[in-house]
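233 is the number that our numbering gives to position 155 of the sequence shown; each next residue is one higher, with no gaps. Working notes, beginning with the structure itself.
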Amino acid sequence: MMPTLFGLVSKRSKTPVTSLAFLGSCAFVCVWPSNIGDLIQYVGFLSWIFWGLCFAAVIVLRYKMPDIERPFKIPLIIPVIASLTSIYLVVGSLYANPLISGIWFLAGLLAVPVYYGYVDNEKMCQRWMDKLTNKLLYYLDGAEQKTTAPLAENGVHQGAI
């Protein structure tokens, strides 16, 4: 559930201008105090955290919802080994470079309240994001919003078109 702001596509260039500007500025902020090698290390560190969560989810769902229909089923040892590997890589990164890895771990945790603030339509975050989106629509010369699925009354996507 990304903010509508990042789904804006310029009518003139047919590109997601706001999304490109945001990602470019994030990459600049990450690389500015260091170099591209450090950026690769940060991305790898955070990626392994989320991969590990995905592997652990397979294990948890196998036990909590054993009867659910799955498109395919893998032996349980595979997500167990993958989870242990991701734990090893994350802990090893924290051990090898605790300051930088800790900073990026905390930066990743900062996304949690922003996400939950945006998802709940009654929160202040949703209101200011809507205002920002409307302002950018005005300044981007009538950029159009692209979505892959229609929105329900509660603002949640309901499947692909």
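Glycine is no exception: its CB is placed at the ideal position from the N, C-alpha and C atoms.
How many angstroms separate the CA atom of residue i from the CA atom of residue j?
i, j, result
"N175", "V169", "10 Å"
"C108", "D145", "44 Å"
"P94", "A105", "17 Å"
"V121", "P111", "15 Å"
"L215", "F150", "43 Å"
"V141", "S103", "Val is not the amino acid found at residue 141; the sequence shown has Tyr there. In a straight line, the C-alpha of Y141 is about 42 Å away from that of S103."
"L98", "L187", "23 Å"
"I165", "I155", "15 Å"
"N113", "T82", "32 Å"
"A185", "L210", "23 Å"
"G85", "L101", "13 Å"
Name the residue from the options whose alpha carbon lies nearest to the alpha carbon of residue i.
i, options, result
"I137", "I127, I159, G122", "I159"
"F183", "W126, R90, S103", "W126"
"F133", "D116, P157, I152, G115", "P157"
Alpha helix (DSSP H) containing residue i: first to last residue?
i, result
"W129", "114-142"
"S97", "95-109"
"I156", "155-174"
Go ahead and pull the three-state DSSP assignment for residue i.
i, result
"L187", "helix"
"A227", "Note on A227: pLDDT 44, under 50, position unreliable in the model; the coordinate value appears next. Coil at A227, not helix or strand."
Would you say the beta carbon of residue i is closer than 6 Å to some non-hydrogen atom of the ligand MG?
i, result
"V190", "Judged by which ligands are present, the structure shown has none, so any question about the ligand MG falls away."
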